[in-house]
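Residue numbers (the numbering used here): 70 to 177.
Here a beta-carbon is modelled for each residue, glycine too, at the ideal position from N, C-alpha and C.
Remember, it's a predicted structure, so these values are computed and weren't measured experimentally.
Heads up, the thing below is written out as structure tokens.
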């Protein structure tokens, strides 16, 4: 169950990064709503990370959490914010995904 909490926490990390990106593109009240979304996603992500680290090793949990956030944020950047999807970018995202999976397999 703690791995599920950790994965969901990582997805909320992606969401809070996406909210920052959308807030940067917005003005007025719309930007305020995106910042509120950022704060909510940040709080949920942190709470789930804390819950997951009660059973999982902190080093593994933090690495997986940031890895999910990094991969997800790059994908959101490509799909939503029209950032380039170069060969090397995708290559290193793939290696990062492999590392996250590897950490899951070698952790208790």
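Quick one: Cα of residue i to Cα of residue j, how far?
i	j	result
residue 126	residue 176	8 Å
residue 135	residue 141	10 Å
residue 115	residue 155	31 Å
residue 111	residue 84	8 Å
residue 99	residue 81	20 Å
residue 122	residue 102	30 Å
Taking the alpha-carbon of residue i as reference, which of the options has the nearest alpha-carbon?
i	options	result
residue 94	171, 170, 151, 165	151
residue 78	96, 108, 87, 120	120
By the DSSP assignment, the alpha helix (DSSP H) with residue i in it spans what residues?
i	result
residue 80	71–94
residue 154	Neither: residue 154 is in no alpha helix (DSSP H) and is coded neither H nor E.
residue 176	It is not in any alpha helix (DSSP H) - residue 176 carries neither H nor E in the DSSP assignment.
residue 99	97–121
Leaving out five residues before and five after residue i in sequence, what residues of the same chain have Cβ atoms less than 7 Å from its Cβ?
i	result
residue 172	129, 132, 133
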